[in-house]
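Using our numbering, you'd call the opening residue of the sequence shown number 280 and step up by one each time.
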Amino acid sequence: MEDSLGQREFTLASVADLSSPPPSASPAIARFASDGLQILQQSHQSPLHLDLQTAQLFKLSPVQSVCMVEGSDAGKKTSFSRGVTIQFRNEEESEAFHCVVQQWKEEVNAKGGNLPNGTIATSKSKFDEKIEASSAKMYFHYYGQLLHQQNMLQDYVRTGTYYAAVIENRADFTGRVVVDVGAGSGILSLFAAQAGAKHVYAVEASEMAEYARRLIAGNPVLAQRITVIKGKVEDVELPEKADILISEPMGTLLVNERMLESYVIARDRFLTPAGKMFPAVGRIHMAPFTDEYLFIEIANKALFWQQQNYYGVDLTPLHGTAFQGYFSQPVVDAFDPRLLVAPPMFHVIDFTKIKEEELYEIDVPLRFVASVGARVHGLACWFDVLFNGSTVQRWLTTAPGSPTTHWYQLRCVLSQPIYVMAGQEITGRLHLIAHNAQSYTIYLTLSAKMWGPGAEQGGILQTSSCKLDLKEPYYRMSQPQAYALPQDQQPQPLIQTQDIHIQSQDLDETDIMQQPSPNSRAQIDSLMQNV
280 MEDSLGQREF TLASVADLSS PPPSASPAIA RFASDGLQIL QQSHQSPLHL DLQTAQLFKL
340 SPVQSVCMVE GSDAGKKTSF SRGVTIQFRN EEESEAFHCV VQQWKEEVNA KGGNLPNGTI
400 ATSKSKFDEK IEASSAKMYF HYYGQLLHQQ NMLQDYVRTG TYYAAVIENR ADFTGRVVVD
460 VGAGSGILSL FAAQAGAKHV YAVEASEMAE YARRLIAGNP VLAQRITVIK GKVEDVELPE
520 KADILISEPM GTLLVNERML ESYVIARDRF LTPAGKMFPA VGRIHMAPFT DEYLFIEIAN
580 KALFWQQQNY YGVDLTPLHG TAFQGYFSQP VVDAFDPRLL VAPPMFHVID FTKIKEEELY
640 EIDVPLRFVA SVGARVHGLA CWFDVLFNGS TVQRWLTTAP GSPTTHWYQL RCVLSQPIYV
700 MAGQEITGRL HLIAHNAQSY TIYLTLSAKM WGPGAEQGGI LQTSSCKLDL KEPYYRMSQP
760 QAYALPQDQQ PQPLIQTQDI HIQSQDLDET DIMQQPSPNS RAQIDSLMQN V
């Protein structure tokens, strides 16, 4: 270590130990050695020793950084978590210092990660242990591109609802410390600062962190109260606890991409006991649907494999596999709510209480009563989330019939539909199991039970099951279409939009039952004009 790095020294404009009340800044010398970093301040006789193996170094500005580390003052045995702010004389020295820190860590890891006390260092975080490296690389690459951030920003239902939820609840943000989990472009951090936050820590693991810094710096009135930290919430350290967590962790079917787990980890690591989460609650809504056109569209994709003379080759041996493969893809699109054949039910996920491990497997028993006679082609799903502010409670919904969002809705299509009559009970199970590609395997079973007089003595009439990969959906993403009935089919009244009651079950807290206002978009537009 010493042969390659030597006793590399840096003259620092000032150093302030945040763990010393009150922190006082003074010029210093930083010296790298085999056991870490020593900082000799002019105002202190004893050097400050920082163990770089457990340290995290973050840039606050081109010439200022903060080092979060487990360390101790020389001559003391007590080890404690501490933060040190470092002011450099110029940007070039700041860059050089960061390079030497990175080189120091790489050389320690190259030697096996042996620390002076004999313990073995590990570079794997909790995120790395449960997520496949190739999946994480693609995930952070995707969200590191501006075009994908623009797609989300231009979802005005999403962005406008977040803006309204924050600005309408200024009382929750004014003078408070906020952590933005997975900050992306930094838009939610800027909203929090507009609402009067004392300070916002924007944590972002992808390369989008650099764009967020530029965007925030371009809004100087707000920028002085926002710090962008590049890293995963599972790994980074913050200098203080948060009063508010804000995030947009929702994926398709609410849980896709498994960012809800990071949101919960951030809650456990950073949020004060009385802190608030924006959003606080999520609900997955489900209902059986009928859609003959969609079913035929998917089934017809496999017709290619029914060819017996494709350039002299018989493709039919693979038809069955291809057929099941197309039905293993959840369909992401916007559909007409009149295609639902029963009132929906929902499953609640309380972000303020749920344990991270409880998101690894989600099991939802299903029970519906058909309102019309139809051929049931599968299960339709959507979600909503609640911003439980002290002043205003606001819902963000992705329900069919509501303004379309970039999440659309999701449908699990059965390769073997089941037939039901009005009043017939439909039961089943939706079982989600997380996998290391940042998504879930879906197991769905739907059954039609006997109905009418004597049904209590009867059993299951029909059952159909399917296995789907939420990671590999069919992005149909069409807008709701008018479904004309064939001439030989007798018209039957499908469920009207106004008949769909999202509140199909009682919850312990009546506030969670409050529905999204039909005037939400108008209220948001009015609010943005007045603020």
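Note that the Cβ used here is the ideal one computed from N, Cα and C, for glycine as well.
Check: ILE577 versus LEU494 - alpha carbon distance; Outcome: 43 Å
Check: Cβ separation of THR724 and SER694, assumed to be a contact under 8 Å, to the nearest whole Å; Outcome: Between SER694 and THR724 the Cβ distance is about 13 Å, and since that is not below 8 Å, they are no contact.
Check: Length at least 4, wholly inside the region 648-702: the alpha helix (DSSP H) runs in chain order; Outcome: none
Check: Alpha carbon of ARG455 to alpha carbon of GLU519, nearest angstrom; Outcome: 11 Å
Check: Same chain, Cβ closer than 8 Å to ASP778, five either side skipped, listed in chain order; Outcome: Only weak support exists for where ASP778 lies, its pLDDT of 40 falling under 50; the coordinates are left without a value.
Check: Where PHE583 falls, given that 16 or more other Cβ within 10 Å makes a residue buried; Outcome: exposed
Check: Assigned exposure category for MET556 - 16 Cβ within 10 Å defines buried; Outcome: buried
Check: Nearest candidate by alpha-carbon position, reference SER303, set LEU467, GLN366, VAL560 and GLY315; Outcome: GLN366
Check: Distance CB(GLN688)-CB(VAL627) smaller than 9 Å; Outcome: no
Check: Pair within 9 Å by beta-carbon distance, LEU223 and ILE641; Outcome: Absent from the model: residue 223. The displayed extent of the chain is 280 to 810, so no value can be given.
Check: Cβ pair PHE250, GLY561 closer than 9 Å; Outcome: Not covered by the structure: residue 250. The range shown for the chain is 280 to 810.
Check: DSSP-derived helix/strand/coil call for PRO644; Outcome: strand
Check: Runs of beta strand (DSSP E) lying entirely within the region 518-594, each at least 3 residues, in chain order; Outcome: 521-526, 550-557 and 560-568
Check: Assigned secondary structure, MET729 (DSSP; H/G/I helix, E/B strand, else coil); Outcome: coil
Check: Enclosing beta strand (DSSP E) for GLN335 [first to last residue]; Outcome: 335-340
Check: Contact check, GLU485 vs GLY423, beta carbons under 9 Å; Outcome: Residue identity check: residue 485 is Ser in the sequence provided, not Glu. Yes, they are a contact pair.
Check: Burial state of PRO644, where buried means 16 or more other Cβ atoms lie within 10 Å; Outcome: exposed
Check: Cut-off 8 Å between Cβ atoms - residues of its own chain near ARG287, not counting five sequence neighbours on either side; Outcome: ARG310, PHE311 and VAL379
Check: Beta-carbon gap between ASN448 and VAL671 smaller than 9 Å; Outcome: yes
Check: Identity of the residue in VAL345, LEU524, SER414 and THR595 nearest LEU512 by Cα; Outcome: The sequence shown places Val at residue 512, rather than the Leu named in the question. Nearest option by C-alpha distance: LEU524.
Check: Sub-9 Å separation of ALA659 and VAL699 beta-carbons; Outcome: no
Check: Beta-carbon spacing of VAL363, VAL342 below 9 Å; Outcome: no
Check: With 16 other Cβ atoms within 10 Å as the buried cut-off, status of TYR542; Outcome: buried
Check: Beta-carbon proximity check, MET624 vs ALA566, cutoff 9 Å; Outcome: yes
Check: Alpha-carbon spacing of MET529 relative to PRO558, whole angstroms; Outcome: 10 Å
Check: Contacting residues, own chain, Cβ-Cβ under 6 Å from PHE289 (five flanking each side not counted); Outcome: ALA309 and PHE376
Check: THR440, DSSP secondary structure in three states; Outcome: helix
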